[in-house]
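Asker: I am attaching a structure below and will ask some questions about it afterwards.
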Amino acid sequence: MKITFPHMGSLWIPLKGLFNDLGFEVVPPPPVTKRAITLGARHSPEFACLPFKINVGNFIESLEQGADTIVMGGGCGPCRFGYYAQVEKEILLDLGYNFEMIVIEPPQGNLIEWLGRLRLFGNNCHWREITAALLLAWHKIKVIDRLHRLLLWARPRGSAEKITNIYNEYLTKVDQAQNLKLLKKVDQDAQQALKKVVYNKHKQCLRIALVGEIFMLLEPFVNLNIEQVLGERGVEVERSIYLSDWIRDHILSDPRRIRARNRFKKAARPFLNHFIGGHGWESIGESVLYAERGFDGAIHILPFTCTPEIVAQSILPRISKCYDFPIVSFSLDEHSGLGGFITRLEAFLDLLSSKKIKHGTRWDKPCAVFSLDTLWYN
Numbered sequence: 002m003k004i005t006f007p008h009m010g011s012l013w014i015p016l017k018g019l020f021n022d023l024g025f026e027v028v029p030p031p032p033v034t035k036r037a038i039t040l041g042a043r044h045s046p047e048f049a050c051l052p053f054k055i056n057v058g059n060f061i062e063s064l065e066q067g068a069d070t071i072v073m074g075g076g077c078g079p080c081r082f083g084y085y086a087q088v089e090k091e092i093l094l095d096l097g098y099n100f101e102m103i104v105i106e107p108p109q110g111n112l113i114e115w116l117g118r119l120r121l122f123g124n125n126c127h128w129r130e131i132t133a134a135l136l137l138a139w140h141k142i143k144v145i146d147r148l149h150r151l152l153l154w155a156r157p158r159g160s161a162e163k164i165t166n167i168y169n170e171y172l173t174k175v176d177q178a179q180n181l182k183l184l185k186k187v188d189q190d191a192q193q194a195l196k197k198v199v200y201n202k203h204k205q206c207l208r209i210a211l212v213g214e215i216f217m218l219l220e221p222f223v224n225l226n227i228e229q230v231l232g233e234r235g236v237e238v239e240r241s242i243y244l245s246d247w248i249r250d251h252i253l254s255d256p257r258r259i260r261a262r263n264r265f266k267k268a269a270r271p272f273l274n275h276f277i278g279g280h281g282w283e284s285i286g287e288s289v290l291y292a293e294r295g296f297d298g299a300i301h302i303l304p305f306t307c308t309p310e311i312v313a314q315s316i317l318p319r320i321s322k323c324y325d326f327p328i329v330s331f332s333l334d335e336h337s338g339l340g341g342f343i344t345r346l347e348a349f350l351d352l353l354s355s356k357k358i359k360h361g362t363r364w365d366k367p368c369a370v371f372s373l374d375t376l377w378y379n
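This is the structure:
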């Protein structure tokens, strides 16, 4: 059995380690490229969202590299993600690929039953081995997210290129860590290395929040590497969701995350008081919370045709007006180009800069020119 799975940001690192520890041969999904998007768009329904098309393109590339089993997440609710696995399977079968698809549905509050289903393809491993593999994968996810938060803080306060290279170097070491002791050392070394190249930790930066659909936020290729572009312009970025947050919400039912979710639900209530699927509700509530925390603005990123985020997009202007909080939305698909994206982003940053000057706030103005060489969308 040669297992593959969807590519979404750094998700491949913990999943590769998990399946290797369970004794499977793994075919890691290739990084998202223009070819993957083109393949997915060619064989997917035109109205499907960009994450769906990328999944199809990723799976085609992985199957071409020898994978024979696809592990895919399931879901429920208004978002179309719950139908991804079934529709993608039919598309790939129609294309003539021979494979097995394993769909892992969320536990919906019953973690013990979910772990029992997970053991069905545990490759005859003992519970102790399965638990150890899951624990290591979970800690890798937490380390990656912790380092990413530090990366976003450090980039505008040091040499952005050097900081990005250090981060990527330690991601490789996280992937190679075979036990919790080694992983802990990698975590500590990475934090020290990143902090060491920060030469102005007290720098006053523009602070921008990223909200929107989880795939679009986690996968740098599809969001046109917006975090790095902003960081190199001296902007501090905070992302509203991480993979560890999603797991705590939907698998572990972590009480701390339940409290956090209650906060954004309360914040969103004057504008929307019920679940609409995906991360649409979160986009609204988190935007309100970022405004209350004093952020300079927010960028909303969504896949074109994503129903929950379209609902959120229609409500965000009301939040912007009520809180005097600038928000811009980027709806992206396979046709999105750099020109319009950069023009709108640059105009948004100019707006935030003007607002800072108008209110007489002290801050360190970022550089005025984008570096197209840093963008991966080619």
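Residue numbers (our numbering): 2 to 379.
Glycine is no exception: its CB is placed at the ideal position from the N, C-alpha and C atoms.
1. Pairs of beta-carbons, one from the segment 291-301 and one from the segment 209-218, closer than 8 Å: are there three or more?
2. Write down the C-beta distance between ILE61 and LEU40 rounded to the nearest angstrom, noting that I regard them as a contact closer than 8 Å.
3. For CYS323, count neighbouring Cβ atoms within 10 angstroms of its own Cβ and tell me buried if that reaches 16, exposed if not.
4. For SER332, I'd like the list of residues in its chain whose CB is within less than 7 Å of its CB, leaving aside the five on either flank, ordered along the chain.
5. Quick check on DSSP: helix, strand or coil for LYS143?
6. In terms of alpha-carbon separation, which member of ARG234, ASN224 and LEU290 lies closest to PHE265?
7. Which of the three DSSP states, helix, strand or coil, is assigned to ARG319?
8. For the segment 261-333, which segments carrying the beta strand (DSSP E) assignment without a break, of at least 3 residues, lie completely within its bounds, in sequence order?
9. So what does DSSP say about ILE71, is it helix, strand or coil?
10. Does the segment 272-287 come close enough to the segment 331-345 that 3 or more CB-CB pairs lie under 8 Å?
11. Could you please give the first and the last residue of the uninterrupted alpha helix (DSSP H) stretch that includes LYS204?
12. Could you tell me whether the Cβ atoms of ALA194 and ILE167 are closer together than 8 Å?
13. In whole angstroms, what is the alpha-carbon distance linking PRO318 and ILE328?
14. Assuming GLY74 and ILE105 form a contact by the criterion Cβ under 8 Å, report the distance between their Cβ atoms to the nearest whole angstrom.
15. Is it right to say HIS336 is buried, meaning 16 or more other beta carbons lie within 10 angstroms of its own, or is it exposed?
16. What runs of the beta strand (DSSP E), each 3 residues or longer, lie entirely inside the segment 174-229?
17. Excluding sequence positions up to five away, which residues of its chain have a Cβ less than 8 Å from the Cβ of ALA369?
18. If TYR85 and PHE53 are in contact, beta carbons under 8 Å, what's the gap, nearest whole angstrom?
19. Quick check on ASP190: buried or exposed, where buried means 16 or more other Cβ atoms within 10 Å of its Cβ?
Answerer: So, from the data block:
1. yes
2. 5 Å
3. exposed
4. LEU303 and PHE305
5. helix
6. LEU290
7. helix
8. 298-304 and 328-333
9. strand
10. no
11. From DSSP, LYS204 is part of no alpha helix (DSSP H); its letter is neither H nor E.
12. yes
13. 7 Å
14. 6 Å
15. exposed
16. 207-213
17. Its pLDDT being 39, under 50, ALA369 is placed unreliably in this model, and the value from its coordinates should be taken loosely. Answer for ALA369: no residue qualifies.
18. 6 Å
19. exposed
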